Amino acid sequence: MATETGTENDTGSVDGTATALVIENDPTDDARRLGDWLTEAGLDLTVLRPYAGDALPEELTGYAALVVLGGYQHPYPGPDGSPGAPWFPALEGLLRKAVRHRLPTLAICLGAQLLATAHAGTVERSAAGPEVGPTVVGKRDAAEHDPLFRYVPMIPDVLQWHVDEITELPHGATLLAASTRYPHQAFRLGDRAWGLQFHIECDEAMIADWAADSAVLAELDYDPELVVAACANVLADVEEVWQPFAARFAALAQGRLDGAPPRPTLPLLGH
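Below, the structure written as structure tokens:
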């Protein structure tokens with residue numbers, strides 16, 4: 012699923028193949044099914060694990076895309092002012108560079124929250140409480156003019172597992188999906204960076220790993236086995252929607268898809 016070596020060049024390819032840099036923030040949340048979908052769509056993946064000591068690059072030269080995954084950490088500073096993880100300031104810097112240079116970027120859950128905080132958005136402990144398990148989100152009108160979201164159904168299935176929420180989007184962000192309790196479920200910054208509060212990468216084993224001895228499930232008084240079973244029941248529906256979404260992201264990274272949101276057109280009079 013991932014490549015760790017190769018000769019990079021300025022066109023975002025390793026040995027002639029477009030390569031995405033994947034940042035794994037937590038050993039329990041790897042790219043999993045999303046990684047498979049991206050490689051099936053023709054991307055190579057170079058995975059960095061800063062929690063294991065991998066250093067983040069200062070620049071993104073040589074990469075065709077950036078993918079930032081989730082994790083248990085908070086994206087905001089702790090009571091002593093220290094970052095949620097030692098590498099978060101550098102990661103936020105990479106996210107700012109990715110948006111500035113229009114590098115296709117996909118940020119999941121914690122990654123989406125870091126994409127927001129890197130651009131002066133606000134993330135806080137959710138006043139609505141944790142959101143866990145299979146849910147649906149609703150597309151906003153702007154999604155119809157988004158190169159990735161325009162083909163997503165109106166109310167797609169997703170998987171949730173978070174205690175924090177984006178309470179204020181960065182200035183200029185486009186809201187693409189929302190839900191009643193958590194209004195900022197998906198957004199785009201510029202024309203090539205997407206943040207998803209929800210998970211699309213999980214398989215049943217990953218959810219089972221999260222559910223084992225979970226303080227979040229204990230807080231909610233949820234039965235772990237029922238949560239895992241409920242998530243497993245929607246995995247096929249999640250794949251049906253989000254595998255093509257991942258393929259469109261890969262096509263954008265490979266230069267096979269126009270990254271500019273299509274302009275809405277006015278209907279002809281009489282039609």
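Quick note, the sequence shown lines up with residues 12 to 282 if you use the working numbering. Even glycine gets a Cβ: it sits at the ideal position worked out from N, Cα and C. Everything numeric in this text was worked out from a predicted model, so none of it was measured.
| message | Using CA atoms only, rank isn't needed, just tell me which of 142, 104 and 149 is closest to residue 70. | response | Taking each of 142, 104 and 149 in turn and checking the Cα distance to residue 70, the smallest one comes out for 104.
| request: Report yes if the CB atom of residue 38 is closer than 9 Å to the CB atom of residue 62, and no otherwise. | output: yes
| According to the neighbour-count rule (16 or more other Cβ atoms, all chains shown, within 10 Å of its Cβ), is residue 179 buried or exposed? | exposed
| field | residue 245 to residue 236 span [Cα, whole Å] | value | 15 Å
| request: Assess, as a yes-or-no matter, whether the stretch 148-163 is touched by the stretch 125-136 under the definition of 3 or more beta carbon pairs within less than 8 Å. | output: No, the stretch 125-136 does not touch the stretch 148-163.
| Cα-Cα, which of 134, 129, 184 and 212 is closest to residue 168? | 212
| request: Find out if the Cβ-Cβ distance for the pair residue 129, residue 163 is shorter than 9 Å. | output: no
| query | Between which two residues does the beta strand (DSSP E) harbouring residue 145 extend? | reply | 142-147
| query | When burial is assigned at 16 or more other CB atoms within 10 Å of the CB, is residue 222 buried or exposed? | reply | buried
| Residue range of the alpha helix (DSSP H) that residue 234 falls in? | No alpha helix (DSSP H) holds residue 234; DSSP gives it neither H nor E.
| Around the Cβ of residue 262, are there at least 16 other Cβ atoms within 10 angstroms (buried) or fewer (exposed)? | buried
| said: Suppose contacts are defined by Cβ-Cβ distances below 9 Å. Is residue 42 in contact with residue 35 by that definition? | reply: yes
| Which partner residues does residue 119 have in the DSSP bridge list? | In the DSSP output, where bridge partners are listed per residue, residue 119 has 207.
| field | 3-residue-minimum beta strand (DSSP E) runs that sit fully inside the stretch 236-270, ordered along the chain | value | none
| said: Using CA atoms only, rank isn't needed, just tell me which of 251, 85 and 173 is closest to residue 209. | reply: Closest in C-alpha terms to residue 209, from the list 251, 85 and 173, comes 173.
| said: Please state the DSSP three-state secondary structure of residue 49. | reply: Residue state, collapsed to three classes: helix.
| request: Put residue 179 into one of helix, strand or coil per three-state DSSP. | output: strand
| query | Helix, strand or coil for residue 151 per DSSP? | reply | coil
| According to the neighbour-count rule (16 or more other Cβ atoms, all chains shown, within 10 Å of its Cβ), is residue 192 buried or exposed? | Residue 192 counts as exposed, since fewer than 16 other beta carbons sit within 10 angstroms of its beta carbon.
| query | Beta-carbon separation of residue 48 and residue 258 under 9 Å? | reply | With contacts defined as CB atoms closer than 9 Å, residue 48 and residue 258 qualify as a contacting pair.
| query | Which term fits residue 175, buried or exposed, when burial requires 16 or more other beta carbons within 10 angstroms of its beta carbon? | reply | Classification for residue 175: buried.
| For residue 99, which residues does DSSP report across the bridge? | Paired residues: none, contrary to the question.
| request: Whole angstroms is fine: what's the gap from residue 114's alpha carbon to residue 203's? | output: 6 Å
| So, residue 78 versus residue 29, is the Cβ gap smaller than 9 Å? | Contact check for residue 78 against residue 29 fails: the beta carbons are separated by 9 Å or more.
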